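Colleague: Just remember that our numbering sits 37 ahead of the position in the sequence shown, which is counted from 1.
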Amino acid sequence: MTDTRSPDSITDGALLGPMVRLAWPIVVIQLLQVAYNLADTFWLGQLSGNAVAAISIAFPLVFFLISVGGGFTTSGSILVAQYTGADSETSAGKVAAQTLGFVVTISTILGVVGHFVTGDMLALLPADPETARVVIPMAADYMRVFFLGMPALFGFFVFSSLMRGYGNTRTPMIVMLVSVVVNVVLDPILIFGFADNPLFSMLGAGAFQSSLYATTGFGGMGIEGAAVATIFSRSVAAVLGIYVLFFTTAGPVIELGHFVPDFSMVSKIVRVGTPSAAEQSTTALAMITLTAMVASFPPAVVGAFGLGNRLISLVFLPAMGLGRATNTMVGQNLGAEQSERAERAVWLAAKFAAAVLLGIAVVAAVFPRPIVAVFLGPNTEHAAAIIEYGSTYVRIRAVEFVFIGVLQVLLGAFRGAGNTKTAMAISMVTLWLGRVPTVYFFAFVLGWGATGIWVGMALGNIVGALVAALWFTRGTWKESIVDRTPEPV
38 MTDTRSPDSI TDGALLGPMV RLAWPIVVIQ LLQVAYNLAD TFWLGQLSGN
88 AVAAISIAFP LVFFLISVGG GFTTSGSILV AQYTGADSET SAGKVAAQTL
138 GFVVTISTIL GVVGHFVTGD MLALLPADPE TARVVIPMAA DYMRVFFLGM
188 PALFGFFVFS SLMRGYGNTR TPMIVMLVSV VVNVVLDPIL IFGFADNPLF
238 SMLGAGAFQS SLYATTGFGG MGIEGAAVAT IFSRSVAAVL GIYVLFFTTA
288 GPVIELGHFV PDFSMVSKIV RVGTPSAAEQ STTALAMITL TAMVASFPPA
338 VVGAFGLGNR LISLVFLPAM GLGRATNTMV GQNLGAEQSE RAERAVWLAA
388 KFAAAVLLGI AVVAAVFPRP IVAVFLGPNT EHAAAIIEYG STYVRIRAVE
438 FVFIGVLQVL LGAFRGAGNT KTAMAISMVT LWLGRVPTVY FFAFVLGWGA
488 TGIWVGMALG NIVGALVAAL WFTRGTWKES IVDRTPEPV
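1. Touch check for the region 103–120 and the region 173–185: three-plus C-beta pairs under 8 Å?
2. Should the region 212–223 be called in touch with the region 283–301, which here means at least 3 C-beta pairs below 8 Å?
3. Going by alpha carbons, who is nearest to ARG308 out of ASN456, PHE478, ALA51?
4. Alpha carbon to alpha carbon, what distance is there between GLY138 and TYR477?
5. Using three-state DSSP, classify ASN456 as helix, strand or coil.
6. To the nearest angstrom, how far is the alpha carbon of GLN83 from that of SER93?
7. Tell me whether ALA287 sits in a helix, a strand or coil according to DSSP, three-state version.
8. Hey, quick one: how far does the alpha helix (DSSP H) through VAL482 stretch, first residue to last?
9. Return the chain-ordered list of same chain residues with a C-beta closer than 8 Å to the C-beta of SER313, the five sequence neighbours on each side being excluded.
10. When you compare only the Cα positions, how much space is there between ALA266 and VAL212?
11. So, do the region 64–78 and the region 391–405 have three or more beta carbon pairs nearer to each other than 8 Å?
12. Would you call the region 249–257 and the region 161–174 in contact, with 3 or more CB pairs under 8 Å?
13. Consult DSSP for MET258 and reduce its assignment to one of helix, strand or coil.
14. Can you give me the Cβ contacts of GLY288 inside the same chain, cut-off strictly under 8 Å, excluding the 5 residues immediately before and after it?
15. Spatial neighbours of VAL367 within its chain, please: C-beta separation below 6 Å, excluding the five flanking residues on both sides.
16. Does GLU374 come out as helix, strand or coil in the three-state DSSP assignment?
17. Do you know offhand how far PRO239's Cα is from GLN246's?
18. Taking 8 Å as the limit between beta carbons, can you name the residues of its chain near ILE423, skipping five residues before and five after?
19. Return the first residue and the last residue of the alpha helix (DSSP H) that SER197 is part of.
20. Comparing C-alpha positions only, which one of THR168, GLY442, LEU468, GLY372 sits nearest to GLN317?
21. Would you kindly work out how many angstroms separate the C-alpha atoms of PHE153 and PHE193, rounded to a whole number?
22. Give the DSSP-derived three-state secondary structure of ILE349 in the structure shown.
23. Does the distance from the C-beta atom of TYR120 to that of GLY372 stay below 9 Å?
24. Quick one, which of LEU470, ALA391, VAL411, LEU483 has its alpha-carbon nearest LEU447's?
25. Which term fits THR510, buried or exposed, when burial requires 16 or more other beta carbons within 10 angstroms of its beta carbon?
26. Between MET38 and GLY122, what straight-line distance do the alpha-carbon atoms span, to the nearest angstrom?
27. Measure the CB-CB distance between ASP178 and GLY254 and report whether it falls below 9 Å.
28. Would you list, in sequence order, the uninterrupted alpha helix (DSSP H) runs of no fewer than 4 residues that lie entirely inside the region 312–350?
29. Quick one: grab the DSSP three-state call for THR48.
30. Alpha carbon to alpha carbon, how far is ASN220 from ILE228? Give it in angstroms, no decimals.
31. Have a look at LEU514 and ALA387 and give me their C-alpha separation to the nearest angstrom.
32. Using beta-carbon positions only, say whether GLY439 and GLY471 come within less than 9 Å of one another.
33. Between GLY257 and LEU81, what straight-line distance do the alpha-carbon atoms span, to the nearest angstrom?
34. Please work out which residues of its chain come closer than 8 Å, Cβ to Cβ, to LEU385, disregarding the five sequence neighbours upstream and downstream, and give them in chain order.
35. Classify PHE296 as buried or exposed, calling it buried when 16 or more other Cβ atoms lie within 10 Å of its own Cβ.
As structure tokens, this is what we get:
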């Protein structure tokens, strides 16, 4: 077979070019994902401080059910990458179709279950009296609506994951951009309606707002409006993603026959994806445990915790982008039997991530207060306290930013190699040894209160990065998990 790869392809030539080409659209996708979250946080912050606290409580519980199916989207990305690197286009298309069908089925079941057990999940959380009376019911309203959109949510997730494994990260970026624009437009309208909408006040369009309200009588849906906006915008992304997979040549070639259940392929998807699903589920359980601890504090601490986490999620943008680019680089190079090239790509990405996140850490440590304050309205309950707590939280966690970058790259390397059990084990060490017990120890045993939460949260990724680096140097991950069977020309 004639080698038609370009000099800067994923499996040949220079490393930096394909690494950056893969990573920057993923960073943009993650930025757009954060834009979803920040748009919700911003507009709900204009609604009330309790609404911000409500989504702080809802998110870990929602993420827990998402994580159960999320591991299988990772599995699809790994297998598509390795089959693509092994020049097996037919197998890449088939694994893409099998993953899509399997994950959408799982997500539908999870959405129905989540809708009906929301109250039971929230009832398990210990809560401050004011939190239980005001915040928990708002969280329930948000979650019940959100779970109904799980198939659409996963439709985009699996599309993005499969395209990433194939080496195309730009198309998912464009689809995500369309979805975010839809969400940003709908958020203030569905949350506030036209009766008392701060968007129209900001635009100086009060008369137009009054006219709309007189015509429609729509007074907004409150926190449920944020959930509806997210569901609708994710549905738009899912439809666009399906169109790209079926009617364009931008990704793996999928045929209708590929959807006929192939239990050997599904078994491989499950085998590779189960550790990732377990990893994400234990991550979600750790977040729920931490949220339960935080919920025992007043609403201002709960709000600062949620707001701080969403701001710190910005830090994960370059880290996640390079980590997922590393996933594809390692997967395709191991599929092409180039393990040394895969290792060089990992160390290049780790150094780059550390340098970028060091700069972000300096900014976060120096300017936490104005960053936090921009997301709260002047009349928001507990605003001053949330800003104070949130600023301290961001400043303390800036210490771990470099370690976040290194850890995400190394986890991406393990996943790209199909070594998902190792990635799961390191994630569990990060959360269940480095974070959950330290938060409890500092906050409750030593009595540091909210500061103990912030310090404990910062230690997890430091421990995880050190463990991952030591394990990576052993070199036991350098094996492909697919057969190299090139398609005949």
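Beta carbons are placed, not taken as given, at the ideal position from N, Cα and C, and that holds for glycine. Quick caveat: nothing in here was measured; it's all calculated off a predicted structure.
Modeller: Quick answer:
1. Touching, no, given that fewer than three Cβ pairs across the two stretches are closer than 8 Å.
2. Too few Cβ pairs lie closer than 8 Å, so no.
3. ASN456
4. 41 Å
5. coil
6. 15 Å
7. coil
8. Where VAL482 is concerned, there is no enclosing alpha helix (DSSP H), given that its DSSP letter is neither H nor E.
9. GLY107, GLY108, PHE109, THR111, SER112, ARG452, THR457, ALA460, MET461
10. Within the model, the alpha-carbon separation for ALA266 versus VAL212 is close to 16 Å.
11. The region 64–78 is not in contact with the region 391–405.
12. no
13. coil
14. ALA133, LEU199, MET200, TYR203, ASN205, THR208, VAL281, LEU282
15. ALA379, ALA450, GLY453, ALA454
16. coil
17. The sequence given here places Met at residue 239; Pro does not occur at that position. Cα to Cα, the separation comes out at about 12 Å.
18. GLY86, VAL89, ALA337, GLY340, ALA341, LEU344, VAL409, LEU413, THR417
19. 187–203
20. In terms of CA proximity to GLN317, LEU468 leads the group THR168, GLY442, LEU468, GLY372.
21. 24 Å
22. helix
23. yes
24. ALA391
25. exposed
26. Low per-residue confidence applies at MET38: pLDDT is 34, beneath 50, and the placement is therefore not dependable, though the value from the model is reported in the following sentence. One C-alpha to the other measures close to 14 Å.
27. no
28. If only complete runs of 4 or more residues are kept, the region 312–350 shows the alpha helix (DSSP H) at 336–349, in order along the chain.
29. coil
30. 12 Å
31. Per the sequence shown, the amino acid found at residue 514 is Trp instead of Leu. If you take the alpha carbons of TRP514 and ALA387, they lie about 17 Å apart.
32. Rather than Gly, the amino acid found at residue 439 in this sequence is Val. No. Outside cutoff.
33. 12 Å
34. LEU52, LEU53, MET56
35. exposed
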